[in-house]
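A.B. asks:
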Amino acid sequence: MFPPMPLADPVLVLADETDDDDALAQATRELLALARRVGTPVLVRCDHCRAAEVLIDIARDHRPRAILINSSPANDRISAQVAVHLESAIATDVTDLSFDDDHLVAVSDRMSSEIHTPTSVITVRPRNHESQRELLLTEADVVVAGGRGVGSAEGFSLLARVAYALGGRLGGTHTAGELGWCPRHASISLPGARIRPRLYLAGGVSGSVRHRSAIRGAGTVVAIDSDPNAPILREADFGIVGDLHEVLPALLDELAARAASPPQTVTPVPSSPELAEA
Amino acid sequence: MRIIVLIKPGAELEDSDVCAVEHALQVARRRMDVQVTLLTAGPAECVHALRRALALGADDAVHVLDDRISPYDALTLSRVYTEVAADLGFDLVVCGAASVVPNLSMIPDMVSVRLGTPVVSVPARSAPPRHPSFPAIAEARQKLISTRILPLPDPAIIVKDLPACPNTIINVGNDPRAAAVRLVEFLAERRLV
């Protein structure tokens, strides 16, 4: 049924639905580059309604080390079906793959885990957050917020540009809401909006107890503040002590430069992956 | 009618699990014959989360006690949940959707595939927060938590290291550009840009 795959250590990659014959989607290319790290990438292109069956059939025949799938609500169902039918471990939101003592190691934001099943299902969250802009502040994946340290309502326009560049939503502290620099409904505080984004970037926020409680669910916290003793810097994964009116324009330039030239991954994208057309 | 609410392992009850219990209770309030049963698997500390969920109004709980069950191992957890749910018998299975713990967001889908029936997946903050009363907390101490021990295979995933917050603090000095470059590198490393 499927073309022969005389391959060493195949790693299946489920192609994105938006792929066509001429170009692969950015998300698919990133998956292929990730697959290259631990084996030979094999691109599986099929109708996503049948994707689970197809992947299970190929995996039973060829015993791949891993099956890489982009994370989305529809794809998560496919991942679950494949993992259950193959009795393989599942790791979500993986950022890197490697080998250690014959075991696959999946690295994600907060941990690295060793996989002890012959095949594993790896889901990877696509990088772009374009679709996040319509979401509520409390549901957004990326939140940028400012506090009294921003200094003025005009300063918030700078934060708004950063939020736009990161594809996130703009919020503020309780004080910023009181001062009229941001809408009150966007105050991240208790009582107020409780957020749980993957990335929270705070500029000019000292980090009151109520504010820190409201951001407890955040994955990665980045804080920029001029006060080295600000409490938020103790909670931040990455803190910058300095004037945000200098740092944020530099950050915007850097993000623009990065967007203009897409980053090269450590291992090059394979030019002609083996294709299992189903 | 029995509604089984799957509770994720851990001493703390997650937001989405609270909402799952709340939605199950909304069904229970409309009918006389509904029994809301909580189901969790993991070490002994999971009892704290079960007591809290019982205080919210659930009727009883089943705890599959095993220290070897990793809270990150969705494959083993889904197998345990399915075996016990099938053994208890159920009319509806409810589960919190997202999780603060990596990998566990797949649990509703995986249990649904194993059981061959839909599982209601409840997002966090989909029900208004409700705090149990003191009588309810006292009553929860009397409710039954039955403990089960299942023969389990070796764990599918072993978490190697959970790095604590790395907490990199850099001083800008006179070079904001260098700080911005390091920040973007940090974000790229975590696949956030």
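Protein chains in written order, with this note's numbering: chain A, 1 to 278; chain B, 279 to 471.
Ideal Cβ placement from N, Cα and C applies to all residues, glycine included.
(1) Mind pulling the alpha helix (DSSP H) runs of 4 or more residues that sit fully within the region 1-72 of chain A?
(2) Is valine 372(B) close to chain A, meaning its C-beta is less than 8 Å from at least one C-beta of that chain?
(3) Find out if the Cβ-Cβ distance for the pair valine 13(A), alanine 35(A) is shorter than 8 Å.
(4) By Cβ distance below 6 Å, which residues in the same chain neighbour proline 401(B) in space, the five residues on each side in sequence not counted?
(5) Who are arginine 280(B)'s beta bridge partners in DSSP?
(6) Determine the burial state of serine 131(A): buried for a count of at least 16 other Cβ atoms within 10 Å of its Cβ, exposed for fewer.
(7) Taking the DSSP output, what are the residues bridged to glycine 320(B)?
(8) Going by DSSP, what residue range makes up the beta strand (DSSP E) through threonine 220(A)?
(9) At 7 Å on the CB atoms, spell out the chain A contacts of valine 459(B), in chain order.
(10) Comparing alpha-carbon positions, which option in Glu254(A), Leu86(A), Phe238(A) and Leu43(A) lies nearest arginine 63(A)?
(11) Since aspartate 96(A) and glycine 219(A) should fall inside the 8 Å C-beta cutoff, what is the C-beta to C-beta distance between them, to a whole number of angstroms?
(12) Beta-carbon of threonine 117(A) versus every beta-carbon of chain B: anything under 8 Å?
(13) Between which two residues does the beta strand (DSSP E) holding tyrosine 200(A) run?
(14) Take isoleucine 285(B) as the anchor and find which of Arg308(B), Gln313(B) and Arg330(B) has the nearest alpha-carbon.
(15) Is DSSP giving aspartate 243(A) helix, strand or coil here?
(16) Can you check the region 321-401 of chain B for any alpha helix (DSSP H) of at least 4 residues that lies completely inside it and give the ranges in chain order?
(17) Go through its chain and collect everything with a Cβ distance to leucine 252(A)'s Cβ below 7 Å, but skip five positions before and after it.
(18) Would you say proline 454(B) faces chain A, with C-beta separation under 8 Å as the test?
(19) Are the region 116-126 of chain A and the region 69-88 of chain A touching, with three or more C-beta to C-beta distances below 8 Å?
(20) Under a CB-based cut-off of 8 Å, is lysine 438(B) close to chain A?
(21) So phenylalanine 99(A) contacts chain B; which residues on that side make the cut at Cβ distance below 9 Å?
(22) Got a sec? Which residues, its chain only, sit under 6 Å from aspartate 19(A) by beta carbon, not counting five neighbours each side?
(23) Aspartate 387(B) CB to nearest chain A CB: under 8 Å?
(24) Thinking C-beta only, is proline 433(B) closer than 8 Å to aspartate 351(B)?
(25) Going by alpha carbons, who is nearest to serine 206(A) out of Asn75(A), Thr173(A), Gln81(A) and Glu139(A)?
(26) Should cysteine 49(A) be labelled buried (16 or more other beta-carbon atoms within 10 Å of its own) or exposed?
(27) Would you please verify whether the beta carbon of leucine 158(A) is less than 8 Å from any beta carbon of chain B?
(28) Closer than 8 Å between beta carbons: that is the criterion. Which residues of the region 343-374 of chain B meet it against chain A?
(29) Is threonine 446(B) close to chain A, meaning its C-beta is less than 8 Å from at least one C-beta of that chain?
(30) List the whole-angstrom C-beta distance separating histidine 245(A) from glycine 155(A), where the pair is believed to meet the contact cut-off of C-beta under 8 Å.
(31) Alpha carbon to alpha carbon, how far is aspartate 227(A) from aspartate 76(A)? Give it in angstroms, no decimals.
(32) Within 10 Å of its beta-carbon, does glutamate 290(B) have 16 or more other beta-carbons around it, so buried, or fewer, so exposed?
(33) Exposed or buried, which one is alanine 456(B) when buried takes at least 16 other CB atoms within 10 Å?
(34) Where does the unbroken alpha helix (DSSP H) through valine 124(A) begin, and where does it stop?
(35) Could you check whether leucine 199(A) and valine 142(A) sit closer than 8 Å to each other, using their CB atoms as the reference points?
(36) Taking the Cβ atom as the reference point for each residue, do alanine 414(B) and glutamate 254(A) lie within a distance shorter than 8 Å?
C.D. replies: From the atom records:
(1) Qualifying alpha helix (DSSP H) stretches, in chain order: 26-36 and 51-62.
(2) no
(3) If you check the CB distance, valine 13(A) and alanine 35(A) come in under 8 Å.
(4) Ala375
(5) For arginine 280(B), the pairing in a beta bridge is given by DSSP as Gln313(B).
(6) In this prediction, serine 131(A) scores a pLDDT of 48, lower than 50, which makes its location untrustworthy; no coordinate-derived value is stated.
(7) Leu343(B)
(8) Start and end: 220-225.
(9) Glu254
(10) Leu86(A)
(11) At roughly 16 Å, the Cβ-Cβ gap does not stay under 8 Å, so aspartate 96(A) and glycine 219(A) are not in contact.
(12) yes
(13) 199-203
(14) Of Arg308(B), Gln313(B) and Arg330(B), the residue nearest in Cα terms is Arg330(B).
(15) coil
(16) 324-334, 352-366 and 385-393, all fully within the region 321-401 of chain B.
(17) Arg161, Val162 and Ala165
(18) yes
(19) yes
(20) yes
(21) Ordered by position in chain B, no residue passes the 9 Å Cβ test against phenylalanine 99(A), which lies about 13 Å from the chain.
(22) Ala25 and Thr28
(23) yes
(24) yes
(25) Thr173(A)
(26) exposed
(27) With 8 Å as the cut-off, leucine 158(A) does not count as an interface residue toward chain B.
(28) Tyr350, Asp351, Ala352, Leu353 and Ser356
(29) yes
(30) 7 Å
(31) 43 Å
(32) Exposed, by the Cβ-count rule.
(33) exposed
(34) It is not in any alpha helix (DSSP H) - valine 124(A) instead sits in the beta strand (DSSP E) that spans 120-124.
(35) yes
(36) no
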